[in-house]
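In our numbering, the protein residues as written are 1 to 265. Inspection log for the structure reproduced underneath, given as structure tokens.
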Amino acid sequence: MSEHRVTRDGVEIAYWVYGEGPPLVLLIGLGVAASAWGPLPMVLSQGGYKVVAIDNRDAGMSSSAPGPYGIPDMAVDVVAVLDDAGIKRTDLLGLSMGGEIAQQFAIDNPDRVNRLMLVSTLPGGDGRVVAKPDYLERLFAAKDTAASIAIQTAPGFAEEHPGLIESLAERWQEENTDPSRFARQWDAIVNFDDWDSLSSITCPTLILHGGLDEFVPLGNAHNLASRIPDSKVVVIEGVGHLIGLERPFEFVEAITSFFLLDKEN
Numbered sequence: 001m002s003e004h005r006v007t008r009d010g011v012e013i014a015y016w017v018y019g020e021g022p023p024l025v026l027l028i029g030l031g032v033a034a035s036a037w038g039p040l041p042m043v044l045s046q047g048g049y050k051v052v053a054i055d056n057r058d059a060g061m062s063s064s065a066p067g068p069y070g071i072p073d074m075a076v077d078v079v080a081v082l083d084d085a086g087i088k089r090t091d092l093l094g095l096s097m098g099g100e101i102a103q104q105f106a107i108d109n110p111d112r113v114n115r116l117m118l119v120s121t122l123p124g125g126d127g128r129v130v131a132k133p134d135y136l137e138r139l140f141a142a143k144d145t146a147a148s149i150a151i152q153t154a155p156g157f158a159e160e161h162p163g164l165i166e167s168l169a170e171r172w173q174e175e176n177t178d179p180s181r182f183a184r185q186w187d188a189i190v191n192f193d194d195w196d197s198l199s200s201i202t203c204p205t206l207i208l209h210g211g212l213d214e215f216v217p218l219g220n221a222h223n224l225a226s227r228i229p230d231s232k233v234v235v236i237e238g239v240g241h242l243i244g245l246e247r248p249f250e251f252v253e254a255i256t257s258f259f260l261l262d263k264e265n
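Written out as structure tokens, the structure reads:
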């Protein structure tokens, strides 16, 4: 694993490269660093991928942005990373907010994406299905990071796996995004609107979603599929928003089954 930095418009973007092989870029979600992937980048690299995991601007080791920005700006950050890493084309996986960045990247750079995997994510604009107000109230009123993570998982998961929740919470707290950084990312999500452009995504796309996701309701997956021509929805039943945490083996299987290594990059 090697650590890298690239600067675009005064913002330093940190990223990590694992292994050698066909590239697979991982885009993480709201308010967390790429380290939130846990062992996934290493596991995938051991399976033959060159994995690139990016800290989004305003998170992790990447620098704070000087002012407001949008998801399109974050997609250009990905372009800067690929150029710095010498990658012309890649497979791309985006989780939650990272899925919005991945959509925008595929819309703006169709010649640089082989395949696209959108996990627990949503479209912008008129295609967005928002979480219920009472759920958001519970989420943002959570007393600590562990409680916030628990609310994002399926009912009963946190009670059955308290140690797993606590260990993840400790890791997230070490790289806590301060309120101003979090707020800028949140505003980018709220203002994102790619609904009218989704049909321009021509690469094969897998849309993976938890059947019990209350943060990003399942309807978002079907709305994405209705607009992206070469797409397929796979629902993992009994799972909330954090598929990689709740069903890690199924998550890795879904990734490796879709991003087959016989593809030239």
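C-beta atoms are modelled at their ideal positions from N, C-alpha and C, and glycine is treated no differently.
At which residue ranges does the region 62 to 104 contain complete alpha helix (DSSP H) runs of 4 or more residues, listed in the order of the chain? 71 to 85
Starting from the N-terminal side, write out each stretch of the alpha helix (DSSP H) that is 4 residues or longer and does not extend beyond the region 129 to 187. 133 to 140, 145 to 152, 157 to 160 and 162 to 174
Indicate the three-state DSSP secondary structure (helix, strand or coil) for ALA14 in the structure shown. strand
Between the C-alpha atoms of PRO68 and ARG57, what's the straight-line distance to the nearest angstrom? 11 Å
DSSP bridge partner residues for ILE54 (one or two, in chain order): TYR15 and LEU27
Using the beta-carbon count (16 or more within 10 Å), is SER45 buried or exposed? buried
Helix, strand or coil, according to DSSP, for GLU3 in the structure here? strand
Given SER257 as reference, the closest of GLU246, LEU27 and VAL234 once Cα atoms are compared: VAL234
Length of the line joining the Cα atoms of VAL190 and ARG184: 10 Å
If we count the other Cβ atoms within 10 Å of its Cβ and call it buried at 16 or more, is SER180 buried or exposed? exposed
So, helix, strand or coil for THR202, using DSSP? coil
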